[in-house]
Structures are given as structure tokens and as C-alpha cells.
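Below is one structure, written out as C-alpha cells; comments come after it.
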Amino acid sequence: MNTIFEEIKDAIVDGDEDLAVELAEKVIAEKIDPVQAVQLGFIKGIEEVGASWTSGEAFLPDVMMAADAMKAGMDVLEEVLAAGEGEGSYEDKGKIVLGTVAGDIHDIGKNIVGALLTSAGFKVYDIGIDQKPEDFVKKADEVGAKILAASSLLTTTMKSQKVLIEYLVEQNIRDQYKVIIGGGPTSAKWGAEIGADGWAETADEAVLLCKKLLG
Amino acid sequence: MLPKFDILTDEQLNKIHENSMRILKEIGVEFSYDPAIEVLKKQGQRVEGHRVYFDPDFVKEMVAKAPAQFTLHARNPEHNLVCGGENIIYMPGYGAPFIYEADGVKRDATMEDYDNFVKLAGASKYMHMTGGTVVEPTDVRDEIRHLEMAYSHIVNSDKCFMGSSSGYEYAKDSIEMAALLHGGMDVIKEKPALICLINSVTPLKYDDRMLGGLMAYAETGQAMVIASLVMSGSTGPATMAGALSLQNAEVLAGITLAQCINPGTPVVYGSTSAVTDMSTGSLSIGNPENALFTSASAQFARFYGVPCRGGGGLTDSKTVDAQAGYESMMVLFATSTTGVHFVMHTAGILQYYMAMSYEKFMVDDEISGMILRYLKGFDCESDEKMAFDVIEKVGPGGHFLTQKHTRKNFKLEFYRPELSDRQSFDGWSKESLDTNQRAKIKWQEVLASYVPPALDPVVKEKIESFIEKRAKELLNK
Ligand code: B12
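Order-wise, the sequence lines are chains E and X.
For reference, each letter of the first sequence is one residue, going 1 to 215 in full-length UniProt numbering.
For reference, each letter of the second sequence is one residue, going 1 to 477 in full-length UniProt numbering.
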């Protein structure tokens with residue numbers, strides 16, 4: 001087995017973004033099988049971090065840096081993977097557009113959700129804070145995402161989550177997406193009230209929710 | 001009052017101060033609100049886009065214009081409060097969207113809860129004011145929430161309260177209402193009656209809404225807390241010294257802007273910095289680090305010659321249990337003994353500002369009473385207090401229970417708990433109530449017997465018609 005896979009895995013475990021990119025570039029330059037690089041390198045690494053997270057040995061910076069390194073490295077490989085190079089094929093577990101709703105600038109919780117989803121094998125497109133329904137949909141269409149994940153931390157901006165769903169209904173595209181919501185003041189009850197497809201209280205539960213919705 | 005102890009050595013304080021100045025000068029602070037940028041540009045600060053790079057000497061000069069203390073005026077002058085000096089001001093928690101009930105039920109907070117907490121604070125011997133946004137009343141449309149909240153403080157108590165800072169317009173509404181209550185805008189310009197909370201957006205930003213609020217309060221000479229909440233490890237560095245430097249830079253930038261708008265306008269140096277729990281990402285507030293940040297903030301405020309806001313009865317617990325008690329006592333004790341003047345979140349908070357609890361309010365009220373007693377320290381002023389005569393009278397081997405000196409003085413010197421149980425085991429075990437259960441009985445009793453102080457019907461009528469007019473405008477927008 002090519003030792004570069006082990007190196008990639010270690011780079012992810014260390015959360016070394018620069019090294020992950022460098023190694024991904026090497027994979028392309030040396031025409032190493034990209035699917036194997038993903039399976040035996042990136043995914044192996046992130047799974048290892050995920051396991052330590054679950055067992056309580058790893059902490060947020062470990063997971064979030066690993067997720068960032070994974071994302072950066074995978075971005076480099078994206079093109080060759082899409083071109084179908086390599087033995088077998090690699091597909092992410094699903095694409096998710098994630099953002100904080102209009103009027104709200106809280107983003108720590110959203111970032112954590114993004115990192116844990118990434119480390120669970122989902123491809124996350126984080127559109128940032130203070131985002132309107134149009135922004136969620138535009139990104140989702142651009143990348144082919146099936147889940148829209150909206151974060152809100154204020155009772156005054158929770159209604160923007162409702163507005164997002166209303167927008168989908170108005171545009172006659174509600175059935176094309178699963179909408180999940182979360183953030184401090186939200187609740188399962190609120191999710192049900194606005195017709196969301198799911199609500200989660202924590203980032204770990206958000207991962208389970210997405211697995212269920214796309215599974 | 002006890003002398004306040006310093007948590008930082010002079011050397012540490014200076015190092016952090018210099019670090020903050022360097023942040024202000026070399027990294028700068030972003031202000032999204034154009035009028036604020038204009039003000040700072042005019043004062044000769046270097047501006048690039050929305051980023052302002054401060055000249056440290058200018059910052060020092062501006063901060064020096066802020067008063068070391070000021071009086072906040074209440075509808076009942078007996079409740080006027082001096083913010084600064086030797087004083088400490090306690091009030092209920094701020095901003096929580098949920099209520100956690102005694103049996104563990106979680107629900108959205110309502111306007112009825114709002115009124116109740118204002119009344120409990122009004123009735124309390126230890127809450128000096130009724131606070132602001134005591135819960136987020138989710139059953140009131142947010143366009144008019146600020147009006148309803150201010151009204152609740154005005155009619156349910158005659159103590160000082162806080163106004164809205166959510167943008168220029170809402171801030172102006174609260175100030176107008178305070179003006180109506182006190183007999184005109186000129187009156188409150190002379191005698192500030194309202195105080196609000198302005199928060200930076202850590203790291204190193206101030207947004208439109210907050211700056212709009214800041215301008216409204218500064219223009220009318222009303223007081224404001226300018227605070228920074230660094231979540232050490234996520235919105236700020238994971239080192240205590242780094243997080244404190246960052247917080248300090250942000251607060252100084254805000255104070256500088258307020259002083260540029262209205263030199264001498266009353267401001268309070270605010271901190272709610274705490275740490276990020278690295279297993280969940282949540283803010284964690286019931287811990288030694290928060291106590292340290294709070295104490296250091298009090299010391300910095302002393303250093304800059306302005307009053308300080310920080311701390312409170314803070315906990316991460318979800319229910320009124322031992323954790324809620326020991327964490328809240330730790331933080332409120334540190335807050336109070338190291339020189340914080342203005343203590344938002346003194347009573348009621350559970351789970352890192354997410355919830356208010358009636359039972360927790362009563363527990364914190366008790367903790368407040370205990371700490372206020374502690375702060376009084378020893379009284380050695382008179383011969384009576386030194387008690388030589390009575391010691392001589394009783395002599396070796398006697399007892400003091402039947403002395404007039406005892407009968408008079410224990411009432412003056414001993415703190416009498418209202419919630420804690422000091423009975424024997426048998427006495428206690430008749431009902432076996434724990435603190436949570438006793439607190440529930442207690443707050444219901446307090447609410448049932450509370451009579452809000454009467455408000456002049458003419459003034460009340462004026463305020464009500466103002467609310468009616470504004471509500472129409474705001475809801476038809
Ligand atoms: C840090 C903080 C800030 C920072 C934000 C910095 C940043 N970069 O995000 C600053 C200082 C800027 C800020 C500003 C304000 N804040 Co603030 N803030 C907080 C605080 C203390 C912590 C938030 C946080 O990051 N928590 C940690 C993360 C990890 O938790 P989380 O976001 O809930 O996320 C978890 C879950 O909810 C879930 N999740 C999150 N998003 C999603 C999305 C999906 C799809 C799913 C499935 C799950 C999910 O997973 C996460 C991990 O488990 C909270 C109180 C609190 N304890 O939560 C107040 C709080 C949310 N803020 C509040 C308020 C009022 C404000 C301000 C209006 C002003 C003020 N008074 O402070 C402004 C508003 C600015 C704006 N327009 O948005 C109130 C809200 C009350 C209400 N009415 O709802 C709170 C509750 C504090 C309070 N009691 O006053 N705030």
C-alpha cells in the first residue's frame with residue numbers, strides 16, 4: 001500500500017490543513033488512485049477522529065481542525081473524482097447547505113454542526129451568517145444539495161426559519177429539499193409547527209438526523 | 001464596605017493593557033454602522049472601509065472623559081442608585097428565552113413571566129433594580145416587545161430599570177417612555193433614568209443595531225453598559241490573558257465612541273467573558289475562569305476610572321440543584337468582593353443564560369442577601385459594637401442569651417436566611433422539602449402578597465397612549 005495514504009490519514013488526525021492540501025496535490029501529480037486516497041486516507045483519518053470524539057477523548061478543536069483539513073484536501077481532489085478517475089468510485093454521504101438565517105449573526109453552533117457533518121462524511125456547503133431563503137436555495141441548486149440546514153439563535157430570528165420553508169412552498173420546490181433547523185431557542189415543537197423535516201438540539205444529533213433523512 | 005481585592009498584579013495589568021492598545025492600533029475594530037464611522041473619522045482616527053485603527057493616546061483621553069460614577073434615577077427617589085464607588089447593584093437575569101419549571105419542564109417565556117419577575121425583583125430586599133429583558137416574552141410581537149417590557153417595569157415597580165438597545169428607533173422609544181415617567185426629556189438629560197446594554201460582536205466588531213442603540217443613549221445622556229462577551233476558545237483565544245486583552249480592546253473602543261458622541265456620558269465597563277466547553281461548544285459560565293474574568297474586569301474598570309458590569313448568579317445547571325448553588329455562589333461572590341458595580345444576571349439564570357427559573361431566582365436572592373451581609377464586614381465603630389461592657393458583665397462561664405445587648409444586636413448583625421433551612425433533622429423531616437421545593441412555595445407567596453407601588457394616573461395614561469400610538473405605527477410598517 002502506498003505510504004501516502006497513511007500520511008494523509010495522519011494529516012487529518014493532526015488537523016493539518018496545509019499538509020492535507022499538499023498531499024492531495026501530490027496524489028494528482030503522481031497519478032495515485034484518488035478514490036483510494038479518499039477511502040484509505042481522508043476517510044480513515046476522519047473516522048479515527050470521529051471515534052475519539054464519540055469516546056470523549058477528542059475535543060472540538062481536534063474535530064473541527066480535522067474537518068477543515070479534510071475539506072481542504074477533498075476540494076483539491078474534487079475534479080479528478082468527478083471525472084471518475086480511480087478504481088471504484090467515491091461518493092459523499094450527501095450534500096448539505098448550512099447557514100445562519102437572516103438577521104442573525106451567531107455562528108459558533110453552526111460551525112460546529114458543519115464540522116461534525118463533514119467528519120461524518122457529508123459534503124457541507126456553509127453559506128455563512130445572515131442568509132436569506134434565496135441564498136440557501138441558490139447554493140443548493142448550484143451544488144445539488146438535498147438538505148437545507150438553518151441555524152437561529154434568537155427568538156426574533158426563529159421566524160426566518162419559517163420564512164425559509166414558506167419560500168420553498170411559494171416557489172413550488174418544497175418537495176425538492178429536506179429542511180432541518182436548530183439553534184439555542186428552537187425546539188422540536190417549533191420545528192413541527194413550521195413544517196421542518198427535522199430539528200436537533202446538538203451537533204451530534206444533527207448528524208444522526210441527516211443520516212436518517214438521507215438514509 | 002470591604003476593601004476590594006485585585007486579581008492581577010500591576011505588572012500583569014499593564015501587560016494586558018498594552019496588549020489591548022496594540023490590538024486597537026494594529027488590528028483595529030470594525031464598525032458596520034456608517035454614522036459611527038463618521039464620528040471616529042472626524043476625530044482623526046485612521047479608517048479603512050469599516051475598520052477603525054485607534055490611536056492609544058486618543059483612547060485614553062476619551063475614556064478619561066467618562067464619569068467614575070453616576071446616579072441612576074428611579075420613579076421613587078428612595079430607589080435612586082449610585083453606580084460606581086463602593087456600591088453594588090443587583091438585578092434579575094437578562095434575555096433568557098425559556099422558563100425551566102421546578103419539575104424540570106421547559107417552556108417558552110411569556111409576558112406573564114416577565115411581569116412576575118419584575119414583581120419579584122420589586123418585592124426583593126436585595127434586588128436594587130428590576131433589570132431589563134428579564135425574560136424574552138415570546139408571546140408578544142417583537143415589533144412592540146420593547147414597549148411592553150418597559151411598561152411592565154414602570155407599572156410593576158418603582159425601582160430603576162433597563163431600556164432597549166435594539167437599534168436607534170427602539171432605543172429612542174424606551175428613552176421617550178422614561179422621559180414621560182420622569183416629567184420630560186430635559187429632566188432625564190440632567191438626571192439619567194435609563195441604562196441599556198450595548199454588546200460588541202466578538203471578535204472586534206460592533207454591529208448596526210447595537211451602535212444605533214449606543215447613539216440614542218449617548219445623545220440623550222442616558223447611561224449604557226458597553227460589554228464584551230468573549231467565549232474563550234471559540235470567539236476568542238483560549239488563554240485567559242489573550243481573551244482578556246481582546247475583551248478590553250473591544251470595551252475601550254465602545255467607550256471611546258460613546259465619549260466622542262457625548263463627552264461625559266455615563267458608561268459602564270462590561271464583561272461577560274467566559275469559556276467554551278470543548279466537548280459541546282456551548283458557553284460555560286459557572287466556573288473559576290468566569291470568576292477570574294469578572295474580577296479582572298472590575299480591576300480594569302477601576303484602572304480606567306469607570307464603573308464595572310460583570311458576573312452574576314451564574315450556572316450551567318438545568319435545574320435548581322447543588323451545581324446551580326455552588327456555581328452561582330462562586331461567581332456572584334467573586335463578582336461582589338472584587339468590585340463589580342452593576343450586576344446583570346444576579347438572580348434567576350440557569351444553563352448559560354438560556355433560561356430563567358422562579359426557584360433559582362429565590363435561591364439567588366438568598367445568595368445575594370448573604371453576600372451583601374458579607375460585604376458589610378465588621379463594624380468596629382462604637383464601644384457598643386466592641387462589646388467590652390457586656391463581656392465584663394457576663395464574665396467567665398456565663399452566657400449572653402439573656403442580655404439586652406444580645407437582643408438588640410443580633411438583629412443588626414446576623415443575616416437571617418429566608419430560604420435556607422436551619423431546623424433540626426426532625427423539624428426538617430416533617431415535610432422533607434429540598435431547596436427547590438421550598439423556593440417554589442416561597443416565590444408563589446411573594447407574588448401573591450406583592451402590591452405594586454401606585455403610579456400617578458396622569459403619567460400612566462400618557463405612557464399608555466404613547467405605547468398605543470407607537471404600536472400602531474410599528475405594527476403597520
Ligand atoms: C456567543 C453569543 C453571542 C455572540 C455571538 C458570536 C458568534 N460569533 O456567534 C455575540 C456577542 C455576537 C452575540 C450577539 C447577540 N446576542 Co447572543 N449569545 C451568545 C451566547 C452566549 C452563546 C451562543 C453560542 O455560540 N453557543 C454555543 C453554541 C455551540 O451553541 P448553539 O449555537 O446553540 O449550537 C448548538 C445547537 O443549538 C445546535 N445547532 C446550532 N445550529 C444548528 C443548526 C441546525 C440545522 C441544527 C440541526 C442544529 C444546530 O448545535 C450546536 C452544537 O451542539 C448565547 C447564549 C447561549 N448560552 O447560547 C447568547 C444569546 C443567544 N444571544 C442573545 C442576544 C439577545 C444577542 C443580541 C441581540 C445582543 C445581546 N444582548 O447580546 C446579539 C444579536 C446579534 C445578532 N443580530 O445576531 C440571547 C438570545 C435571546 C433571545 N431573544 O432569543 C442569548 C440567549 C443570550 C441572552 N440570554 O441574552 N451573542
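Quick reminder that beta carbons are idealized off the backbone N, C-alpha and C, glycines included.
These numbers come from a predicted model, not from an experiment.
- At a C-beta separation below 9 Å, E:G56 has these neighbours in chain X: S279.
- In summary, X:Y374 is exposed, with fewer than 16 beta-carbon neighbours lying within 10 Å of its beta-carbon over all protein chains present.
- Under the DSSP definition of a beta bridge, E:W199 partners with E:I181.
- Going by beta carbons, X:L204 and X:V29 fall inside the 9 Å limit.
- Ranked by how close their Cα comes to the Cα of X:I154, the residues X:P137, X:D142 and X:M129 have X:M129 in first place.
- Here the stretch 240 to 254 of chain X makes contact with the stretch 18 to 27 of chain X; the two share three or more CB pairs at distances below 8 Å.
- Counted as a single uninterrupted DSSP element, the beta strand (DSSP E) harbouring X:L194 occupies residues L194 to N199.
- Here X:Q351 carries a coil assignment [DSSP, helix/strand/coil].
- Around the beta-carbon of X:R407, fewer than 16 other beta-carbon atoms lie within 10 Å, marking it exposed.
- Beta-bridge partners assigned by DSSP to X:R51: X:E30 and X:E48.
- In the three-state reduction of the DSSP assignment, X:T272 falls in the coil class.
- A check of alpha carbon separations from X:Y450 across X:G122, X:K472, X:Y53 and X:D6 identifies X:G122 as the nearest.
- Contact between E:I129 and E:I180 fails: their C-beta atoms lie close to 17 Å from each other, not under 8 Å.
- Taking a beta-carbon distance threshold of 9 Å, X:P97 counts as an interface residue toward chain E.
- The C-beta of X:E136 comes closer than 9 Å to at least one C-beta of chain E.
- Restricting attention to beta strand (DSSP E) runs no shorter than 3 residues, the stretch 38 to 106 of chain X encloses them at 46 to 48, 51 to 53, 70 to 72, 81 to 83, 89 to 92 and 98 to 100, ordered along the chain.
- At least one CB atom of chain X sits nearer than 9 Å to the CB of E:A203.
- The stretch 207 to 238 of chain X is shown to contain whole alpha helix (DSSP H) runs of 4 or more residues at 208 to 219, in chain order.
- Using a Cβ distance threshold of 9 Å, E:Y90 and E:Q39 count as a contacting pair.
- Closest in alpha carbon position to E:L77, among E:E25, E:P185, E:D62 and E:K162, is E:E25.
- Close partners of E:T100 in chain X (Cβ separation under 7 Å) are lacking, with about 13 Å as the shortest Cβ gap.
- In the three-state reduction of the DSSP assignment, E:K123 falls in the strand class, which pools E and B.
- Beta bridge pairing from DSSP links X:C308 with X:Y269.
- DSSP places X:M127 outside both helix and strand once states are collapsed to three, so it counts as coil.
- Around the beta carbon of X:H399, fewer than 16 other beta carbons sit within 10 angstroms, so the residue counts as exposed.
- Using a Cβ-Cβ cut-off of 9 Å, E:G184 counts as an interface residue toward chain X, since at least one Cβ of chain X sits closer than that to its own.
- For X:D207, the C-beta contacts it makes with chain E under 8 Å involve I105, in order along the chain.
- Secondary structure within the stretch 36 to 96 of chain E: the alpha helix (DSSP H) runs of 4 or more consecutive residues, fully enclosed, are 44 to 54 and 60 to 82 (chain order).
- For E:I108, the nearest beta carbon of chain X is closer than 9 Å to its own beta carbon.
- Taking 9 Å as the threshold, the shortest C-beta distance from E:I181 to chain X does not fall below it.
- With respect to chain X, the C-beta atom of E:L60 has a partner C-beta closer than 9 Å.
- The ligand B12 has no heavy atom closer than 8 Å to the beta-carbon of X:E148.
- Comparing alpha carbon positions, the residue from E:D107, E:T118 and E:T100 closest to E:D75 is E:T118.
- Checking the DSSP bridge columns, you'll see X:M356 partnered with X:I99 and X:I349.
- Against E:I8, chain X offers no close residue; the least beta-carbon distance is about 26 Å (beta-carbon pairs closer than 8 Å).
- In the structure shown, E:A20 falls within a helical segment according to DSSP collapsed to helix, strand and coil.
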